[in-house]
Amino acid sequence: MAATSTGERTLRNFGKIKITAEPHVNGTVYYLAADKPLFDGERISKLSKETGLQQKELELFGGKEPGLKSVIPNRLIVELPCTESSVCTKYMNIFIEWLDSEYFKTLPKIEDFEEPIQQSRS
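Numbering (numbering that gives the first Met the number 0), first residue to last: 0 to 121.
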């Protein structure tokens with residue numbers, strides 16, 4: 000079993016995202032931490048079916064789907080049914096790019112929430 004590894008990427012829409020991979024005997028668990036509270040596990044699952052991501056997952060993992068948990072809005076846990084690092088890395092690159100594009104497009108704009116707060120302080 001390989002050691003836990005951590006990296007960071009800066010995405011166009013999400014900003015900085017910290018990615019930690021933790022290999023296990025039956026799979027690999029990825030922990031994603033974003034600066035912005037943008038993760039919604041239910042929204043991600045629903046949208047993955049609508050945009051074809053789920054089909055890519057099934058093909059990549061031999062009919063098995065990754066497990067997805069949104070503990071808090073700026074942290075996401077992705078459990079992959081895979082221990083081969085090249086396959087896991089390939090999927091996570093696809094998934095992160097999908098989050099930063101398809102998923103991000105569906106989120107309410109943060110400014111919509113910030114504007115009323117700023118006005119009420121005046």
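All C-beta atoms, glycine included, are put in the ideal place defined by N, C-alpha and C.
On a predicted model such as this, the values are computed, not experimentally measured, just so you know.
Collapsing the DSSP output to three states places G66 in a strand.
Only exposed fits E49, as fewer than 16 other CB atoms lie within 10 angstroms of its CB. A straight-line Cα-Cα distance of about 14 Å links E96 and L46.
In this structure, DSSP gives E7 an extended state, which the three-state scheme calls strand. A Cβ-Cβ separation of about 11 Å leaves T3 out of contact with I18 under the 8 Å criterion.
For R11, the CB contacts under 7 Å within the same chain, skipping 5 residues up- and downstream, are D99 in chain order. When DSSP states are grouped into helix, strand and coil, V28 belongs to the strand group.
Given a length threshold of 3 residues, each whole run of the beta strand (DSSP E) inside the region 39 to 99 is given here in chain order: 66 to 71, 74 to 79. K15 is not a Cβ neighbour of N73, given a cutoff of 8 Å. When Y29, S85, A32, L37 are compared, the shortest CA-CA separation from L106 is found for L37.
Non-local beta-carbon contacts of K55 in its own chain, meaning distances under 7 Å to residues more than five positions away in sequence, involve I93 in chain order. In this structure, C87 keeps its C-beta atom at 8 Å or more from the C-beta atom of A32.
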